[in-house]
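Participant: For what it's worth, this note's numbering labels the leading residue of the sequence shown as 11, then goes sequentially. By construction, the Cβ of each residue, glycine as well, lies at the ideal position given by its N, Cα and C atoms.
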Amino acid sequence: MNRIKSRISTKTAEYKSNFENSQEIVKVLKEKIANAKLGGPEHAREKHISRGKILPRNRVSKLLDANTPFLEISTLAANNMYEEQAPSAGIITGIGIVKGKEVMIVANDATVKGGTYFPMTIKKHIRAQEIAIENHLPCVYLVDSGGIFLPHQSETFPDKEHFGRIFYNQAIMS
């Protein structure tokens, strides 16, 4: 394969300005990802632990084979989308290795509104299932959910791309 030669000069003022701007954008992005990965508010995480539960990202880590990667998908889903914060749309989705096999993992985060589903949670869950179907990956579900987040209930059942589709997809994959 031929290399594409760059004509970018790293010494120009324009390049340096763009680089500095990009660095700031990357910093903000990393901060947003770190905040989303915390899950729900501190009091919800403390309550979760006081009940003897393992935080969801730790559950995912314990599930994965040791020293293997986890490709998280849609970490910033629902970022600042709702009045009630829903970091990562309240679920962790990604591809990891379990017992030597690549799998799609979907884990509810009960520290985010009790693991309830927002409309974006449903879309993220369905997208994870679509990726699993397209790539012939089995799904592993770590469920800790209070069902639908009631203030958004009217937005969760109206068509084939909403809550019921999750169960349809599970049946197709079985």
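Is the Cβ-Cβ distance between threonine 126 and glycine 50 less than 8 Å?
Facilitator: By one-based count along the sequence shown, residue 126 stands at place 116. By one-based count along the sequence shown, residue 50 stands at place 40. Taking 8 Å as the Cβ cut-off, threonine 126 and glycine 50 do not qualify as a contacting pair.
Participant: May I have the straight-line CA-CA distance separating phenylalanine 177 from serine 84, to the nearest angstrom?
Facilitator: Locating residue 177 in the sequence shown gives position 167, where the first residue counts as 1. Locating residue 84 in the sequence shown gives position 74, where the first residue counts as 1. In a straight line, the C-alpha of phenylalanine 177 is about 21 Å away from that of serine 84.
Participant: Closest by CA to glutamate 94, which one among Lys72, Asn77 and Met130?
Facilitator: Here residue 94 refers to the residue found at position 84 of the sequence shown. The option with the nearest alpha carbon to glutamate 94 is Met130.
Participant: Is it true that the CB of valine 108 sits closer than 8 Å to the CB of cysteine 149?
Facilitator: Against the sequence shown, residue 149 aligns to sequence position 139. Against the sequence shown, residue 108 aligns to sequence position 98. Not closer than 8 Å, so no.
Participant: For the segment 12-29 and the segment 98-106, state whether three or more C-beta atom pairs, one from each stretch, are separated by less than 8 Å.
Facilitator: No: fewer than three Cβ pairs fall under 8 Å.
Participant: How would you call glutamine 139, buried or exposed, if buried means at least 16 neighbouring beta carbons within 10 angstroms?
Facilitator: Residue 139 sits at position 129 when you count from the first residue of the sequence shown. Glutamine 139 comes out buried.
Participant: Starting from the Cα of alanine 54, find the closest Cα among Gly124, Ile136 and Ser184 and give me that residue.
Facilitator: For the purposes of this step, residue 54 is identified with residue 44 of the sequence shown, where counting begins at 1. Nearest option by C-alpha distance: Gly124.
Participant: Applying the criterion that 16 or more other CB atoms from any shown protein chain within 10 Å of the CB defines a buried residue, is proline 97 buried or exposed?
Facilitator: For the purposes of this step, residue 97 is identified with residue 87 of the sequence shown, where counting begins at 1. So proline 97 counts as buried.
Participant: Identify which residue in Lys133, Met91, Ala87 and Pro79 has its Cα closest to the Cα of glycine 110.
Facilitator: Mapped onto the sequence shown, residue 110 falls at position 100. Minimum Cα distance to glycine 110 is reached at Pro79.
Participant: Which stretch, first to last residue, makes up the alpha helix (DSSP H) that contains glutamate 144?
Facilitator: The count along the sequence shown starts at 1 and reaches residue 144 at position 134. 129-144 is the span of the alpha helix (DSSP H), which, as asked, contains glutamate 144.
Participant: Which term fits glycine 3, buried or exposed, when burial requires 16 or more other beta carbons within 10 angstroms of its beta carbon?
Facilitator: Residue 3 lies beyond the stretch modelled for the chain, which goes from 11 to 184, so this question has no answer here.
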